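Novice:
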Amino acid sequence: MSFDTLLSGQTSYRAVFLSDIHLGTRGSRAALVVDFLKTVNCEKLYLVGDIIDGWRLRRSWHWDEAHDELLRMILRLARRGVEVVYIPGNHDEMFRAWLPMELEIASIRLCPKAEHVAADGRRYLVIHGDEFDSVVRYAPVLAVLGDHAYTAALTLNRWINGVRRRLGLPYRSFSAWAKKRVKGAVKAIDRFEEALAREARQCGADGVICGHIHNPEIRDIGGVTYMNTGDWVESCTALVEDRQGRFSLIDWSSHMRASYGAPSASSRSESGRAARGGFRQEPGLAQAAAVSGGVAARKASLSA
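In terms of full-length UniProt numbering, the sequence shown is residues 1 to 304.
1. Following the continuous alpha helix (DSSP H) through R208, name the residue where it begins and the one where it ends.
2. Using DSSP bridges, identify the partner residues of E199.
3. What three-state label does DSSP hand R80 in the structure shown?
4. Using only the alpha-carbon positions, how far apart do S79 and E131 sit?
5. Kindly indicate which three-state DSSP category S248 falls into: helix, strand or coil?
6. Expressed to the nearest angstrom, what Euclidean distance is found between the alpha-carbon atoms of L167 and S254?
7. Measuring alpha carbon to alpha carbon, tell me which of L169, G129 and M73 ends up nearest S19.
8. Shortest alpha-carbon distance to M73 belongs to which of F36, H62 and A238?
9. Going by DSSP in three states, S12 sits in which element: helix, strand or coil?
10. Kindly list the residues whose CB is nearer than 7 Å to the CB of A30, restricted to its own chain and excluding five residues on each side of it in sequence; keep chain order.
11. Using a Cβ-Cβ cut-off of 8 Å (strictly less than) and excluding sequence neighbours within five positions of V34, which residues of its own chain qualify?
12. Can you tell me whether G101 is helix, strand or coil according to DSSP?
13. For E43, I'd like the list of residues in its chain whose CB is within less than 6 Å of its CB, leaving aside the five on either flank, ordered along the chain.
14. Based on Cα-Cα distance, which residue from S28, F17, T39 and L32 lies nearest to Q10?
15. For T237 versus V48, is the C-beta spacing smaller than 9 Å?
16. With a threshold of 16 other CB atoms inside 10 Å of the CB of K113, please say whether the residue is buried or exposed.
17. Thinking F207 and Y124 are a contact (beta carbons under 8 Å), I'd like their distance in whole angstroms, please.
18. Tell me the DSSP bridge mates of A66?
19. What does the alpha-carbon distance come out to for the pair R96 and P88?
20. Classify M101 as buried or exposed, calling it buried when 16 or more other Cβ atoms lie within 10 Å of its own Cβ.
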């Protein structure tokens, strides 16, 4: 599936998976999610955690019209018959108080995890993934401190890219580059992915679909298909399943980069996916310094 085909009109998918939108924060690209959803038609929509950032309720809450519009759009889709499944994450953990039972609220099914059966019969565990983040589980104070540092890095990222835009330079995402080059973060990502693959294997599933670490990926781990939806803070990616049961990652960040005069984005699929490391952002220094210095807890914990 080419990116041009996606942009030419509404594309039909069997299922769409989104996570880590972080509504309620300045970093949320809610308007881009709205733009993306306007171009797709799907039978199922999975919201794989951290859709609303409840952590900001205790700090600097930010909410604008795009955030309202996205929630209205999700509710409209549910009323029109799209099966909407909401799996809370650690940032919208307030909804977990109603679990472990499954609930249906405004035609949206709320559950701690789900099983998705693809068109080809393969079964996938769908889960946010924070349960497999050792820092979130065993050192929550470090996770919160890391979240503060990550937020500061994103603020610096926006300021620097504002300057770059005025200079006619392309957008550059800092933390995505840093996560792939800071040794501790790379190891933590590997541990997270392997833990999710083991969980899927123990559940008898063919694969796992998760979010949490803001790192879009499709790869095979010991015969288990690991798929991460990415996020809508920096990566701006969605995981989609077509009518034949094939999965692809859609990179919508070109819309953000286009405002900086940068080249268009790409898509990547389960079959014929690029070598690991090919689906990455451009390098930058500010967030790399943050990660390697004070954000080791944050990005090593991968608690987006």
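For each residue, glycine too, the CB sits at the ideal point set by N, CA and C.
As the structure is a computational prediction, the values presented were derived from the model and not from experiment.
Specialist: Per the coordinate set shown:
1. Rather than Arg, the amino acid found at residue 208 in this sequence is Val. In the DSSP assignment, V208 falls outside any alpha helix (DSSP H) and lies within the beta strand (DSSP E) extending over G207 to C210.
2. In the DSSP output, where bridge partners are listed per residue, E199 has none listed.
3. In the structure shown, R80 sits in coil (DSSP, three-state: anything other than H, G, I, E or B).
4. Sequence inspection shows Arg at residue 79; the Ser mentioned does not correspond to that position. When rounded, the separation of the alpha-carbon atoms in R79 and E131 is 31 Å.
5. Strand.
6. Rounded to the nearest angstrom, the two C-alpha atoms are 19 Å apart.
7. The alpha carbon of S19 has as its nearest neighbour, out of L169, G129 and M73, the alpha carbon of G129.
8. Among F36, H62 and A238, the Cα nearest to that of M73 belongs to F36.
9. DSSP, reduced to helix, strand and coil, places S12 within a strand of the structure shown.
10. Within the same chain, I21, L23, A66, H67 and L70 come within 7 Å of A30 by CB-CB distance, once the 5 residues on both sides are set aside.
11. Excluding positions up to five away in sequence, the list reads A66, E69, L70 and M73.
12. Looking at the sequence shown, residue 101 is not Gly but Met. Taken through DSSP and simplified to helix, strand or coil, M101 comes out as coil.
13. Only residues of its own chain outside the window of five on either side were considered, and among them R14 have a CB closer than 6 Å to the CB of E43, listed in chain order.
14. Residue T39 holds the alpha-carbon nearest to the alpha-carbon of Q10 among S28, F17, T39 and L32.
15. No.
16. With 16 or more other Cβ atoms within 10 Å, it is buried.
17. In the sequence as presented, Phe is not what sits at residue 207; that position holds Gly. Confirmed, Cβ separation roughly 5 Å.
18. In DSSP, A66 forms no bridge with anything.
19. If you draw a straight line from the Cα of R96 to the Cα of P88, it is about 6 Å long.
20. Its Cβ having fewer than 16 others within 10 Å, M101 is exposed.
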